[in-house]
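Quick notes on the structure that follows.
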Amino acid sequence: MTRVPLRFQLTRTECGAACLAMVLSRYGRDTSVPECRALLGTGRDGVSVSAIAAAAEKAGLAVGIERSDRLPAGPLTGPAIAYLARHHFVVVVRADDRTVSLVDPGVGRQRLPRADFDDQYGGVLLRLSPTDRLQRRRTRWRDAPMVRYLRQFASVPGGRRLIALTVLFAAGLQALGLGIPLLTKLVVDTLVPAHRTDLLPAVGLGIVAVGVAYGGLTLARGLALLGLRALGDRELTHGFVKHLFRLPIGFFLDRGRGDLLMRLSSVSTTRETLSQQLLTMIVDGFLLIGYLVAVVLLSPLYLLPLVPLAVAQALVLAATYRRLRVLAQRELTARSEEQSYLVETLEAVIPLKANGVEERAVAHWRRLFDRYQRAMVRRGRGTAVLGAAQRAVGTLGPLALLWFGAGMVLSGRLSLGAMLAANAVALSILSPLETFAGVGQLYHAVRAQVERLFDVLDTPAEQSGTVRLPAGEPTRITVRGLGFRYHDSQPPILTDVGFDLPAGGKLGVVGRTGSGKSTLGLLLLGLLRPTDGEVRHDGVTVAELDVPDLRSHCGAVLQELTLFNGSIRDNLVLSRPDATDAEVIDAARAAGLHDDVLALPMGYDTLVGEGGTALSAGQRQRIALARALVHRPGCWCWTRPPATWIRRPNARSTPRWRGWR
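The UniProt record's numbering puts the first residue of the sequence shown at 1, with every later residue one more than the last.
Okay, structure coming up:
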């Protein structure tokens, strides 16, 4: 039976998408997790069994759903998708009366005792089989994430020139390294037996020249690599961040901030590996051919010990490849979850302390950290085993070559100088093979990071039209038959909403928590797109509008009141850096903020702290309101008005901004 390809989930809620991707790939339709995510519409709440079944049938699989308290008795030849009681999906590959072999998209391949699996079983099994409707396909090698990243890395403007220079300098270093064995042969076989002392000064000058050339080429290669790293960091990181901020809001709802920060930092890690290790491996690969030719010219019989040693190194690497890949992915997943939770708790440290639950938060973080540590140790053990095996072969190599060469010299088949030269060249062949193995270890970690990078880069940017609204003019809003849900399998958040709001008019929406008030605001701003119906601004649908222009046209005060570390003035002019002091003060007065600011020792230069922690909740809300007023919006979207302003519409600052335009 064909092995089920391993697909890891990239977020906490897409285990179902990863399982479906594995089953489709097993039956010949090579599928990635992002493809299945789009097919399933995986959102912030995950997916249901019925949604997976519907998506599988749509993709060309026959689906049979079995419900029971335990995994059905008897052998199971799979693959089948099983639902676990902890709201998790796995692929069952094979099962008998004693063990269950499965693939967990969170941790990889596992084999569990049948009783242990039955304790976790959630009672639902999806048996999947191919039909004639299944379109089989294979991913081209050039479309693999690593190959795509390499092409992107090489296509950075100016990058190819630096890569060529790096390869050229590295080739020069290797060529000098090849000259040393030949010089050794010359000295041992020619100068010493003939007592040519007159040639020693020339040989000494040659040695000095080789040393100077080696140092110069090493410096040149280092500078070329430095330029390549700086160029790659600038272009690739800028491109990643630029694309990240163009993504729709739904992307950020499904992913933790810590996870995204890790993906951003992995751009530099991946570039570091590519610019140093991979380029070195490419150069060494080309030079292996030259070294092999040199060995054949010096002594073809040296291939007898050399080939088995090279094969032994290759077998060691091949034997550990799959295992190290799985361990690297597990470590990365555990690290991502730990970092996401840590970022979340640091941002919520005040509520945690206010409720006296900081110890519970630390305990939960400790569990996540311990899980990451265990994953790191397991991968470290695998790497240590691989390193030990490579070191054993690497130690055996020189000794075996020395033993073989000594036999050649004693039998009269080779001179001492030729043996020393052949030994040195043969060792130059084994050394790059060790480099390949080292790069292979890094490749596992880099591949996992690249897959997570392309989860971001392959997500389509937010679509936007071209129509722009008149700057500073009040906007007429028309809503017809508006409906919204995060996915077809989930209940609607809004259904058949409709209203007409004339320019300059006001509309209050009242409802229980979770009724969709904030969602309606996000739809009006174009942050979410309607499932049904339409939203029009001045008669133009949101799909036709230039969305960034629409949002800059509106004044939005959302539930998430976020202030940035800096002064009050910095936060007020966020949307209009060119605003004058008079405009800032007018907006602050209209928001009822100006008197509070004047009471502060540093006035508008007062630092708000990270997230506005140096201010009260009311002050943060008034800063958010004043920030929206500074650029004189054409319409308002306010999803969190203060309760006092709702109960007393004429209180404090309301009259000051009622006619604000």
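Every residue gets a Cβ at the ideal spot worked out from N, C-alpha and C, and that includes glycine.
Item to check | According to DSSP, residues forming a beta bridge with Val124 | outcome: Arg67, Tyr83
Checklist entry - With a CB to CB cut of under 8 Å and the five nearest residues on each side skipped, what residues in its chain are close to His631? => result Ser552, Gly555, Ser575, Arg576, Ala579
Next on the checklist: If contacts are defined as beta-carbon pairs under 8 Å, then Ile52 and Leu24 qualify, I think. What distance do you get, rounded to the angstrom?
Outcome noted: Incorrect: roughly 11 Å between the Cβ atoms, too far for contact.
Checklist entry - Which residues bound the beta strand (DSSP E) around Ile477? => result Note, Ile477: beta strand (DSSP E), 477-484.
Next on the checklist: What does the Cβ neighbour count give for Arg360, buried or exposed, with the cut at 16 atoms within 10 Å?
Outcome noted: exposed
Checklist entry - Buried or exposed: where does Pro432 fall if 16 or more other Cβ atoms within 10 Å of its Cβ makes it buried? => result buried
Checklist entry - Where does Gly498 fall in DSSP's three states? => result strand
Checklist entry - CB Leu430 to CB Gly397, shorter than 8 Å? => result yes
Checklist entry - What alpha helix (DSSP H) runs, 4 residues minimum, are completely inside the stretch 325-389? => result 349-354
Next on the checklist: According to DSSP, simplified to helix, strand and coil, what is Ser265?
Outcome noted: helix
Checklist entry - Quick one, are the C-beta atoms of Tyr291 and Ser428 less than 8 Å apart? => result yes
Checklist entry - Any chance the stretch 492-499 sits against the stretch 301-314, with 3 or more Cβ pairs inside 8 Å? => result In the pairwise beta carbon analysis, the stretch 492-499 is classified as not touching the stretch 301-314: fewer than three pairs are separated by under 8 Å.
Next on the checklist: If you measure between the beta carbons of Cys637 and Thr475, is that distance less than 8 Å?
Outcome noted: no
Item to check | Those runs of the beta strand (DSSP E) which lie wholly inside the stretch 535-591 and span at least 3 residues | outcome: 554-557
Item to check | Collapsed DSSP secondary structure at His88 in the structure displayed | outcome: strand
Checklist entry - In chain order, what residues of the same chain lie with their CB nearer than 6 Å to the CB of Val557, ignoring the 5 residues before and after it? => result Hits under 6 Å: Ala624, Leu625, Ala628, Trp638.
Checklist entry - Applying the criterion that 16 or more other CB atoms from any shown protein chain within 10 Å of the CB defines a buried residue, is Asn355 buried or exposed? => result In summary, Asn355 is exposed, with fewer than 16 beta-carbon neighbours lying within 10 Å of its beta-carbon over all protein chains present.
Checklist entry - In this structure, does DSSP put Thr99 in helix, strand or coil? => result Reduced to three states, the DSSP call for Thr99 is strand.
Checklist entry - Around the Cβ of Asp259, are there at least 16 other Cβ atoms within 10 angstroms (buried) or fewer (exposed)? => result buried
Checklist entry - What does a CB cutoff of less than 7 Å around Arg26 pick up in its chain, not counting 5 residues either side in sequence? => result Thr2, Val4, Pro5, Pro79
Item to check | Asp455 vs Leu10 beta-carbon contact at 8 Å | outcome: yes
Checklist entry - Could you give the distance in angstroms between the alpha-carbon of Val446 and the alpha-carbon of Thr273? => result Going by C-alpha positions, Val446 is about 8 Å away from Thr273.
Item to check | Extent of the continuous beta strand (DSSP E) run through Leu112 | outcome: 108-113
Item to check | Residue environment, Thr320, which counts as buried when at least 16 other CB atoms sit within 10 Å | outcome: Thr320 is buried by the Cβ-count criterion.
Item to check | Member of Leu228, Val584, Glu331 whose CA lies at the smallest distance from the CA of Leu162 | outcome: Leu228
Item to check | 6 Å CB neighbourhood of Leu173 in its chain, flanking five on each side removed | outcome: So the qualifying residues of the chain are Leu217.
Item to check | Contact belief for Ala375 with Arg330 at Cβ below 8 Å, rounded distance in angstroms | outcome: 5 Å
Item to check | Beta carbon of Ala590 nearer than 8 Å to that of Leu572 | outcome: Not in contact: Ala590 and Leu572 (Cβ atoms no closer than 8 Å).
Checklist entry - By a C-beta neighbour count over all protein chains shown, 10 Å radius and 16 as the cutoff for buried, is residue 662 buried or exposed? => result Residue 662 falls outside the range modelled here, since the chain spans only 1 to 661, and no answer is possible.
Checklist entry - Going straight from the alpha carbon of Met281 to that of Thr166, what length do you get? => result 12 Å
Next on the checklist: Residues in the same chain with beta-carbon distance under 7 Å from Ala220, minus the five sequence neighbours each way, listed in chain order, please.
Outcome noted: Leaving aside the five residues that flank Ala220 on each side, the residues in its chain whose CB is nearer than 7 Å to its CB run, in chain order, Phe169.
Checklist entry - By how many angstroms is the C-alpha of Gly211 removed from the C-alpha of Gly179? => result Distance from the CA of Gly179 to the CA of Gly211, rounded to the nearest whole angstrom, comes to 12 Å.
Checklist entry - Since Thr541 and Val535 are thought to touch, with beta carbons under 8 Å apart, how far apart are those beta carbons, to the nearest angstrom? => result 7 Å
Checklist entry - Do you know how far the Cα of Gln110 is from the Cα of residue 708? => result Outside the modelled stretch of the chain, which goes from 1 to 661, sits residue 708, for which no answer is possible.
Checklist entry - Looking at C-alpha atoms only, which residue of Ala422, Val47, Gly159, Arg335 is the closest neighbour of Leu226? => result Gly159
Next on the checklist: Let me confirm a value: Glu14 is counted as buried when at least 16 other C-beta atoms fall within 10 Å, else exposed. Which label applies?
Outcome noted: buried
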